[in-house]
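In this note's numbering, the protein residues as written are 31 to 193.
Built from N, CA and C at the ideal position, the CB exists for glycine as well.
Everything below concerns the one structure shown next.
Listed below in structure tokens is the structure:
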């Protein structure tokens, strides 16, 4: 990667070094995740070399499940660390994200177990399975619950004189 004569990196160089495409680079700039770069006399964007690190941090944070909004807040908090409590930055956000991820894992574990049971039971048709009280998938409960709700709605409509 060569640096242009005034010390900045051009868009393509930054994108290549960070492993993102040019559209991603521009999008992050529009979102305020990256500072607006200086311009060369010819109008080319010239980014400081640390932009590559910021882009890599953004992509790593996304892989950890942080949204761009959360990443923006974290980057901003990092820029203004002076006087901030530890619970206002990455530690607090990481704990919150960990709770979310662990809840998703618990949900996915239940889903996986249900799907394993369905595969082992040989379930082949969603409608038939939903109407079968021995179906291992939660459709049986859903179908029963839905028909109970439907009967309640029908009774309510009848009581109000609806037809």
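### Query
Nearest to residue 45 by alpha carbon, out of 77, 97, 70, 69?
Selected option, being the one with the closest Cα: 77.
### Under 8 angstroms between C-beta atoms of residue 48 and residue 82
It is a contact, given that the beta carbons lie within the stated cut-off.
### Query
Which word fits residue 125, buried or exposed, when buried means at least 16 other C-beta atoms lie within 10 angstroms of its C-beta?
Answer is exposed; the Cβ neighbour count stays below 16.
#### Entry: Boundaries of the alpha helix (DSSP H) in which residue 85 is found, first to last residue
Per DSSP, residue 85 belongs to the alpha helix (DSSP H) from 80-93.
#### Entry: Cβ separation of residue 84 and residue 98, assumed to be a contact under 8 angstroms, to the nearest whole Å
At roughly 13 angstroms, the Cβ-Cβ gap does not stay under 8 angstroms, so residue 84 and residue 98 are not in contact.
### Task
Determine which residues share a DSSP beta bridge with residue 77 and list them.
Per the DSSP secondary-structure output, residue 77 pairs in a beta bridge with 39.
#### Entry: Spatial neighbours of residue 66 in its chain, beta-carbon cut-off 7 angstroms, leaving aside the 5 residues before and after
The residues are 59.
### Message
Among the candidates 136, 134, 55, 62, whose CA atom is the shortest distance from the CA of residue 100?
### Response
Taking each of 136, 134, 55, 62 in turn and checking the Cα distance to residue 100, the smallest one comes out for 62.
### Query
For chain C, is any of its Cβ atoms less than 8 angstroms away from the one on residue 158?
The displayed structure is made up of one protein chain only, and chain C is not part of it.
### Query
Does DSSP classify residue 137 as helix, strand or coil?
In the structure shown, the three-state DSSP call for residue 137 is helix.
### Query
So, are the CB atoms of residue 167 and residue 148 less than 8 angstroms apart?
Going by C-beta atoms, residue 167 is nearer than 8 angstroms to residue 148.
### Task
Name the one or two DSSP bridge partners that residue 123 has.
Residue pairing by DSSP leaves residue 123 without any beta bridge partner.
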